[in-house]
Every structure is written in structure tokens, then in C-alpha cells.
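Undergrad: Pasting in a structure now, in C-alpha cells, and then I'll have a few things to ask.
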Amino acid sequence: MSLEPDDSSNSRPNGPRRALTVALAAIALVLLVFTKDRPGSWADASRLASIESLVERGTLAIDGSTYEWQGDKVRFGEHYYSHQPPMQALLGAAVYAPLHRGLGWTIDQPRTYRAITWGVVGIPVLLGLYALMRLCLLRGVGPLGSVSLVACAFLATPLLPYSLVLNQHGAAAGFVAFGFYAVHRRWFATAGLALALAATIDLTAAFPAAALVIAVLLGGRLPGLLRYGGAALPVLALHFGINNSIAGDLLPFGMHPEAFRYGMSPFVLMSLTGVAAEDAPGAQAAYLWEASFGGSGLFSHHPLLLVAIAAAVVVAFWRTEAPTPRFARGLGLSAALSCIGIATYYLTSSRNLGGSSFGIRWFTVFVPLLVLGPAALIGNLRLGGWVRPGAI
73 MSLEPDDSSN SRPNGPRRAL TVALAAIALV LLVFTKDRPG SWADASRLAS IESLVERGTL
133 AIDGSTYEWQ GDKVRFGEHY YSHQPPMQAL LGAAVYAPLH RGLGWTIDQP RTYRAITWGV
193 VGIPVLLGLY ALMRLCLLRG VGPLGSVSLV ACAFLATPLL PYSLVLNQHG AAAGFVAFGF
253 YAVHRRWFAT AGLALALAAT IDLTAAFPAA ALVIAVLLGG RLPGLLRYGG AALPVLALHF
313 GINNSIAGDL LPFGMHPEAF RYGMSPFVLM SLTGVAAEDA PGAQAAYLWE ASFGGSGLFS
373 HHPLLLVAIA AAVVVAFWRT EAPTPRFARG LGLSAALSCI GIATYYLTSS RNLGGSSFGI
433 RWFTVFVPLL VLGPAALIGN LRLGGWVRPG AI
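Convert by adding 72 to the 1-based position in the sequence shown; the result is the number in the numbering used here.
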């Protein structure tokens, strides 16, 4: 049984292609117009410091960089480094190097910030949204419905603000979404590369990278898994090799409390995510409420999640005249486990609501996957109609 409904079922053969083109062009215009022109946070500035140091001094140490002043840094030995995972800085250096060496641009110019952000955030976001539209179409949703669902994921969630700044969350979300599409198409090596990039840019993406193993095994069995893991291995080796050479182990820089203990460090009295801390009585329950339904909460900033949960429940407990193949169900299960895993980890391991951020920023990585539940529901309604459980 084919997993991909024939797009020719649409009234106009070129309808899906035209809809995707127009939608992506509109999103690209939003990114071009509204992307910021300077760092608005320490996290942005610390990435710029790493990029400048790589291109102009050949090192990840940010000593002497234009943005050394920012507080989002750690110290190993005698040198300071960005607190952020290094992979995005490596990609940013690939964008900045020709601009600096060929055109004389400097790291503190507005045009430089925009160009790097478009290159390492805007392109992955566009790639991921294209992949989601294709997944919706392949699931049986019409062109207008596919564009509408993806527009909701982009415009009505924190994915939009995190696509306009030099931040890891938007880029990782794009690579994750594209990885799901690649698995659906059985491009297992491409999926492995995409998820490895996502997980080394934003460690949160390790959850969907692991969850996708279920769909890979259902669609490609052991050979597919070998291609998936083999393509991820070089990226992971580079990431962990850098960690080990600087920190002396494989842990992320941010999971070394001792690296934050330096003069005037702003993190000495802060709660570090993933590092155990003592809770006052009732503090965990209060934090869970604020992180779920409060001003920074998961449901407060992602109302699409409520629709996705409702749609997923309907799809799980009702059957259609044309039952969903196991492989497609595996993709849905991988998406659900990704969302549950990320939410559970950060709701229990953090006490800082993502720091100074719009919403709890870690949840941005799974936002695009939320459209898969409504897409499955709409696709089943359009293609097969609904019957009660046990009727077939």
C-alpha cells in the first residue's frame, strides 16, 4: 500500500507546487524583512564571538573577540569559550569567512548579523517548513490546508521569533522537521545527517533524533538504521571531539558547573538546567504549573498543542476504511515521543523557565511536529472517511 496519496487528486495538477512556492516565498520575505540586525541577548553575542574567533583567529576561544564582554561564557583552563554548543558557530563561520575575507565585512556590522542569521537559521527554517508542507500533502491534506497548518506552526508559535535571531532553536526545529520528511521518503542517510546537525546545534533535538529510530526501523529495518546512524556519525564525532578537547569529557559545556565559577560570573547564583539543585517544599509543583499554563507556559505559548493532542487521540482510537500503514504510524509515534520527552525533561530538570526568553525556548524544537496530528486527521477524513473501532 502506498504511503503517499497521489497529488493528482487535487483539482489542478500544479496546485500543490504553486501553493508551496507561494507560501515559501511569503515566509522567506518575512525572514528577509524582519530578521534582526544586531544581537539582542548574550546568547546571540556569544555565538558571534565564537564565529569571529574561528574566522579571524582560528580558535573557539573567545578571548579578545568583539563580544568577549557578554556573560554567556564558560572558562576552561586559561581561556573563555561560548556556553553554546559549537556546531552552529562552525556553520556560521562558513558564512562569515567569505564575507570577511572577500568583502571586508566585520562581525559587528548589521549586515553581517543578518547574513549569518539568514544562512544558519533562515535556510533550515525554510527547509523544515517545506518538508512539513510536503508531509501534509502526502498525508492527503489539500494544498490550502497544508499551507494553513504550516502557517499556524510558523506564525502562531515561538518558532517565528526564534527564526529572526541568531539562535539555535529555530535552526534545530527546521532540521528536525526535514529529518521526519526524509524518513518518510526513506532517505535514511539524509535524515541521519539532518538530525545529527539538529542535535549538535540544539541538544534538545537529541529526543527526536532518538525517537525517529522507531520509524527508521519500521521503514528500513536494519539497513535503514545503519544508513541513519552512519550519516550522523561524522557530525557527532566532530561535536564530541570538540567537547573533549576543550572540556576534557563529552558533556556539554553548560553541564560543567565549575566552568561558570570565574570572577564576575553571572551564573554563580543561577539555577543551571540539567544540574541537580535542591527544591524548597512545593517549589516543583509551582514551577510545573507556571511552565505548563503560566505566563511562560507550554500551553500558553503553543495553543496548537491542544489541537494536536485532540487530533492525535482521534486518530489513535478511530479507524478508517483505509487503515494507516505501520510505517506512517511509526512516524506519528516518533513525533509524539519527541514532544513528550522534551517537555518531560525540561519540566523536571529546569527551574529557570528558559532564562530571559520568549516562552520556554526549548519547546520550540518540536513545534513544527505539532501539525502532523491535525494533518493525519484531515487526511483520513478526506481520503477514507471514519468508521467506529472494530467495524472493519
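Cβ atoms here follow ideal geometry from the backbone N, Cα and C, with glycine treated the same way.
(1) Using DSSP with H/G/I as helix, E/B as strand and the rest coil, what is phenylalanine 339?
(2) Going by DSSP, what residues sit across from valine 146 in a beta bridge?
(3) Within the stretch 221-279, note down every full alpha helix (DSSP H) run reaching 4 residues or more, in order along the chain.
(4) Can the beta-carbon of valine 443 be found less than 8 Å from the beta-carbon of valine 222?
(5) What residue range does the alpha helix (DSSP H) around aspartate 116 cover?
(6) Given isoleucine 273, which residues of its chain have a CB within under 6 Å of its CB, disregarding the five upstream and five downstream residues?
(7) I'd like the list of long-range same chain contacts for valine 192, defined as Cβ closer than 8 Å, with 5 residues on each side in sequence excluded.
(8) Considering Cα atoms alone, identify which of Leu284, Phe260 and Val386 is closest to glycine 296.
(9) Is it right to say threonine 189 is buried, meaning 16 or more other beta carbons lie within 10 angstroms of its own, or is it exposed?
(10) Who does alanine 133 pair with in a DSSP beta bridge?
(11) Drop a sphere of 10 angstroms on the beta-carbon of proline 215, count the other beta-carbons inside from all chains shown, and report buried for 16 or more, exposed for fewer.
(12) Straight-line CA distance for phenylalanine 252 to proline 440?
(13) Can you tell which of Ser406, Ser337, Ser364 and Trp434 has its C-alpha closest to the C-alpha of glutamine 142?
(14) Among Leu360, Trp434 and Tyr300, which one has its Cα closest to the Cα of threonine 420?
(15) Quick check on this structure: which residue in Val248, Leu126 and Val213 has the alpha carbon closest to the alpha carbon of alanine 263?
(16) In this structure, does DSSP put tryptophan 50 in helix, strand or coil?
(17) Apply the 10 Å Cβ neighbour rule to arginine 90 and answer buried if 16 or more other Cβ atoms are within range, or exposed otherwise.
(18) For a quick check, are the C-beta atoms of serine 118 and glutamine 156 less than 8 Å apart?
(19) Check tryptophan 190 in the structure and name its three-state DSSP category.
(20) So the alpha helix (DSSP H) glutamate 362 belongs to, where does it begin and stop?
(21) Is there contact here, the stretch 321-336 with the stretch 279-295, by at least three beta-carbon pairs under 8 Å?
(22) Are there three or more Cβ pairs, one per stretch, closer than 8 Å when the stretch 109-124 is compared with the stretch 134-153?
(23) Using 7 Å as the cut-off, classify the Cβ of glutamate 128 as near or not near the heavy atoms of the ligand NAD, replying yes or no.
(24) If you run the structure through DSSP and keep just helix, strand and coil, what is serine 465?
(25) Since leucine 449 and valine 387 should fall inside the 8 Å C-beta cutoff, what is the C-beta to C-beta distance between them, to a whole number of angstroms?
TA: So, from the listed chains and residues:
(1) Start at 1 with the first residue of the sequence shown, and residue 339 comes out as number 267. Coil at phenylalanine 339, not helix or strand.
(2) On the sequence shown, position 74 is the one that residue 146 refers to. In DSSP, valine 146 forms a bridge with Tyr153.
(3) 240-256 and 260-273
(4) The count along the sequence shown starts at 1 and reaches residue 443 at position 371. The count along the sequence shown starts at 1 and reaches residue 222 at position 150. Closer than 8 Å, so yes.
(5) The residue you call residue 116 lines up with position 44 of the sequence shown. Where aspartate 116 is concerned, the enclosing alpha helix (DSSP H) stretches over 114-129.
(6) To locate residue 273, count along the sequence shown from 1; it is residue 201. Here the set comprises Met159, Gln160, Gln240, Ala243 and Ala244.
(7) Here residue 192 refers to the residue found at position 120 of the sequence shown. Only Gln160, Leu163, Gly164, Val167, Leu238 and Ala243 meet the Cβ criterion.
(8) Here residue 296 corresponds to residue number 224 of the sequence shown, with the count starting at 1. Closest by alpha carbon: Phe260.
(9) For the purposes of this step, residue 189 is taken as the residue at position 117 of the sequence shown. Its Cβ being crowded by 16 or more others within 10 Å, threonine 189 is buried.
(10) Here residue 133 refers to the residue found at position 61 when the sequence shown is read from its first residue. Paired residue(s): Tyr153.
(11) On the sequence shown, residue 215 is found 143 positions in, with the first residue counted as 1. Classification of proline 215: buried, given that the 10 Å Cβ count is 16 or more.
(12) Indexing the sequence shown from 1 puts residue 252 at position 180. Indexing the sequence shown from 1 puts residue 440 at position 368. Spanning the two alpha carbons is a distance of roughly 10 Å.
(13) Within the sequence shown, the letter at position 70 stands for residue 142. Among Ser406, Ser337, Ser364 and Trp434, the Cα nearest to that of glutamine 142 belongs to Ser337.
(14) Counting from 1 along the sequence shown, the entry for residue 420 is found at position 348. For threonine 420, the nearest C-alpha among the options comes from Leu360.
(15) Translated into the one-based positions of the sequence shown, residue 263 becomes position 191. Alanine 263 has its Cα closest to that of Val248, out of Val248, Leu126 and Val213.
(16) An answer regarding residue 50 cannot be provided, because it is not within the stretch 73 to 464 covered by the chain.
(17) Position 18 of the sequence shown, counted from the first residue, corresponds to residue 90. So arginine 90 ends up on the exposed side.
(18) Within the sequence shown, numbered from 1, the residue matching residue 118 stands at position 46. Within the sequence shown, numbered from 1, the residue matching residue 156 stands at position 84. Yes; because the gap between Cβ atoms is below 8 Å, this pair is in contact.
(19) Stepping through the sequence shown from its first residue, residue 190 is reached at position 118. The answer is helix: DSSP assigns tryptophan 190 an H, G or I state.
(20) For the purposes of this step, residue 362 is taken as the residue at position 290 of the sequence shown. Glutamate 362 -> alpha helix (DSSP H) spans 355-365.
(21) no
(22) yes
(23) By its list of ligands, the structure shown contains no ligand whatsoever, and the ligand NAD lies outside what it can speak to.
(24) Nothing about residue 465 can be reported from this structure: the residues present for the chain run from 73 to 464 only.
(25) Against the sequence shown, residue 449 aligns to sequence position 377. Against the sequence shown, residue 387 aligns to sequence position 315. So it is a contact: roughly 6 Å between Cβ atoms.
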